[in-house]
Amino acid sequence: MIHVRRALPDDRNPTDPDDSLAALLGGRRGAVDASLPAVGFVAGWLLAGWLAPASSSVAVGCASALAVGLAVASVRLVQGVGAARPQRHR
Amino acid sequence: MKPSTTSRGSPPRAVLIGLAGVAVAAVVALRTGRAVDFFLVQVVSNAASALAWASSIAVRWPLLGLVVGTVLGQRTRWRRDPPLLRAYLRASWVWVAQYLVRLTIFVPLYLADQVVALAAARVLLSWPPHLRLPRDQLVGTAALVAGGPSGPASSAACVALGIAIYASLGDAVTWSNMTVLTHLTRQGANDRGGGDPVRIETDRLIIRPWSQHPDDLDRLVDLYSRPSLVRYIGWLREPVGHLVDEWDRRMAADNRQVVGAIEVRATGVVAGTVMYNLLPGGHHMEVGWHLHPDSERRGYATEAGRAVIARGFHIGVPEVFALVKPDNPRSQAVARRLGMRHLGRTTRYHETEFELFHLAAQVNGRRWNSRAVSGRSGAEPAVKRPGR
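In order, the protein sequence lines correspond to chains A and B.
Per my numbering: the first sequence = residues 957 to 1046.
Per my numbering: the second sequence = residues -18 to 369.
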């Protein structure tokens, strides 16, 4: 039996075009991805300088930035793979 | 801070490039031993980006066009469309401005050894300006961070001013995005419709635009003064020549739309009009037909309607509606012969009561088959119905 969606035409708004181009160029998610490692660096650098002033706080900051960068990359890769996986139709 | 394609395109590549950038920044900072040098890469990359985008404009290969064209799979076809090329050129200047404004903030902070302020500026300036963070909050936060215990007042002023300018770029970015999208949409419409005047040929009919030829105009006047039509759509309120111009403009603006004369191949007589228009609201298509009484009961409305519906589905329109007056059983029968489903009565359009019909290109995975439509088939030889 064929079912037809009993939808009436409405005046719904299409996707905001400004948002769609922003998404094309990275958008909010790209902004967050680009920012987090820098935040990680400063957090690690400040924390190391505060807890152990004699230590190499730059190295801690760099390690922290790389850890955050790796975490972001892992999350995005997992999300990307999940999005690309075909859905099974029952 | 080049455009990321994390949300579309090739996520793994974008993510890995971002990670590589962090690694390079870390290596630079570790080499020099200065925390502020972690941000040297972003200063250099913004300068390089500004230069690259400006250069791309100078050689008329705007980077925005390359990025968007690649993501949309247009390759370099956008360059052959002068209005779209101009839109990309203008929009790319806005991107150059973004990079330059970022540099006016990053460079003084870098030279003043302001690590925390650089990180704060990085966070704030990574946010696309048109996505509109509250401007006052941005300026206040930036000034607070930059003017901290170790920050010179000049840094605070510099960052506050830069952020204000950057936030003001939002309107420019929105404008440039809209310009590009307007042209992309128009190009898409041309791609869908081919950009040429509509001409659809069926077994018995030719559907083509009404013309300003006296024969066409006379037939239009005759058609739209017939009581059988006036009864349903009222009298024409403007000269038919203006009407033809308006229909031409409508089809040129959106090539999905058709207002065509239904010309009978065998005789050259125009049997009526077939329409494939946007419904009020602008998001859905409507099919309709007006037949001259001398051409009724021959299946022309069904054949013409089927042709424009098939064309619409072919160019990507997912569904089509038909509005028929409740006291017009013949047109309702045509809608049913086209395979349209009766949805009920509506007063949503034109402040009038209509029976609403609907047809989807694809239902439960099955595509609409124009040849499976019931009723008189265009494949039937015209000689089978002499004099009808």
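Just so it is clear, CB atoms sit at the ideal spot from N, CA and C, and this is done for glycine as well.
Enumerate in chain order the residues of its own chain whose CB-to-CB distance from residue i is below 7 Å, with the five nearest sequence positions on each side excluded.
i, result
"B:Gly174", "Residue confidence for B:Gly174 is low, a pLDDT of 48 falling below 50, so the modelled location carries little weight; the figure read from the coordinates is stated next. Only Asn236, Arg237 and Ile296 meet the Cβ criterion."
"A:Leu1022", "none"
"A:Gly899", "No answer is possible for residue 899 of chain A: it lies beyond the span of chain A, which begins at 957 and ends at 1046."
"B:Ala33", "Leu44"
"B:Arg56", "Gly50"
"B:Gln313", "Val305 and Glu336"
Please work out which residues of its chain come closer than 6 Å, Cβ to Cβ, to residue i, disregarding the five sequence neighbours upstream and downstream, and give them in chain order.
i, result
"A:Val1024", "Leu992, Pro993 and Gly996"
"B:Ser131", "Below a pLDDT of 50, predicted positions are generally treated as unreliable, and B:Ser131, at 46, falls in that range; no measurement from the model is reported."
"B:Phe338", "Ala303, Ala316, Met321 and His323"
"B:Ala342", "Phe294, Pro299 and Trp349"
"B:Arg207", "Pro274"
"B:Pro362", "Note on B:Pro362: pLDDT 27, under 50, position unreliable in the model; the coordinate value appears next. None."
"B:Gly46", "Trp59 and Tyr69"
"B:Pro261", "Tyr330"
"B:Glu244", "Ile187 and Val251"
Using a Cβ cut-off of 8 Å, pull out every chain A residue sitting near residue i, in sequence order please.
i, result
"B:Ala4", "Leu1022 and Gly1025"
"B:Ala100", "Ala994, Val995, Phe997 and Val998"
The alpha helix (DSSP H) spanning residue i covers which residue range?
i, result
"B:Glu284", "Tyr281 to His295"
"B:Thr254", "Segment Val251 to Leu259 is the beta strand (DSSP E) holding B:Thr254; no alpha helix (DSSP H) there."
"B:Asp197", "Pro195 to Leu204"
"B:Val17", "Element bounds for B:Val17: n/a, residue is neither H nor E."
"B:Pro208", "Pro208 to Ile214"
"B:Ser73", "Pro63 to Leu92"
"B:Gly222", "Val221 to Ala234"
"A:Ser1012", "Counting along the chain, A:Ser1012 falls outside any alpha helix (DSSP H), and DSSP gives it neither H nor E."
"B:Ala102", "Val96 to Ser107"
Per DSSP, which residues does residue i bridge with? Please list them.
i, result
"B:Ala339", "Rather than Ala, the amino acid found at residue 339 of chain B in this sequence is His. B:Phe302 and B:Arg322."
"B:Pro190", "B:Gly241"
"B:Ile181", "B:Ile188"
"B:Thr327", "B:Phe335"
"B:Arg348", "B:Gln343"
Name, please, each residue of chain A whose Cβ falls closer than 7 Å to the Cβ of residue i.
i, result
"B:Arg103", "Ser991 and Ala994"
"B:Ser107", "Ala987, Ala990 and Ser991"
"B:Gly14", "Val1014"
"B:Ala93", "What B:Ala93 touches in chain A: nothing, since even the nearest Cβ is about 16 Å away."
"B:Ala7", "Cys1018, Ala1021 and Leu1022"
"B:Phe335", "By Cβ distance, chain A contributes nothing, its closest Cβ being about 11 Å from B:Phe335, past 7 Å."
Just to confirm my understanding: we take residue i, look at its own chain, exclude 5 residues before and 5 after, and list those with CB closer than 8 Å. What are they?
i, result
"B:His429", "Residue 429 of chain B lies beyond the stretch modelled for chain B, which goes from -18 to 369, so this question has no answer here."
"B:Val225", "Pro190, Trp191, Ser192, Gln193, Asp197, Leu198 and Leu201"
"B:Glu334", "Lys306, Pro307, Arg326, Thr327 and Thr328"
"B:Trp228", "Pro190, Trp191 and Val240"
"B:Ile370", "No answer is possible for residue 370 of chain B: it lies beyond the span of chain B, which begins at -18 and ends at 369."
"B:Gly129", "Here the model assigns B:Gly129 a pLDDT of 47, short of 50, so the residue's position is not dependable, and the following value carries that caveat. Excluding positions up to five away in sequence, the list reads Val97 and Ala98."
"A:Gln1043", "Caution applies to A:Gln1043, whose pLDDT of 35 falls short of 50 and renders its modelled position unreliable; the model cannot decide the point."
"A:Leu1033", "none"
"B:Ser311", "It should be pointed out that residue 311 of chain B corresponds to Arg in this sequence rather than to Ser. Excluding sequence neighbours, B:Arg311 sits near Glu277."
Need the endpoints of the beta strand (DSSP E) that residue i sits in, please.
i, result
"B:Val40", "Run containing B:Val40: none; DSSP gives neither H nor E here."
"B:Leu272", "Met266 to Leu272"
I want to verify the contact list: residues of chain B whose CB lies under 7 Å from the CB of residue i, in sequence order.
i, result
"A:Ala1015", "Leu11"
What in chain B is Cβ-close to residue i, meaning under 8 Å?
i, result
"A:Ala1029", "Val(-4), Leu(-3), Gly(-1) and Leu0"
"A:Trp1006", "Residues of chain B passing the Cβ test: none, with the nearest at roughly 13 Å."
Could you list which residues in chain A have their beta carbon closer than 9 Å to that of residue i, in chain order?
i, result
"B:Val96", "Phe997, Val998, Trp1001, Leu1002 and Gly1017"
"B:Phe338", "Neighbours of B:Phe338 on chain A: none; closest Cβ ~11 Å, over 9 Å."
"B:Ala35", "Going along chain A, no residue has its Cβ under 9 Å from B:Ala35, so there is no contact; the nearest lies around 18 Å."
Check whether the segment 64 to 80 of chain B and the segment 94 to 102 of chain B touch, using three or more Cβ-Cβ pairs below 8 Å as the test. No, because fewer than three Cβ pairs between the segment 64 to 80 of chain B and the segment 94 to 102 of chain B fall closer than 8 Å, the two stretches do not touch.
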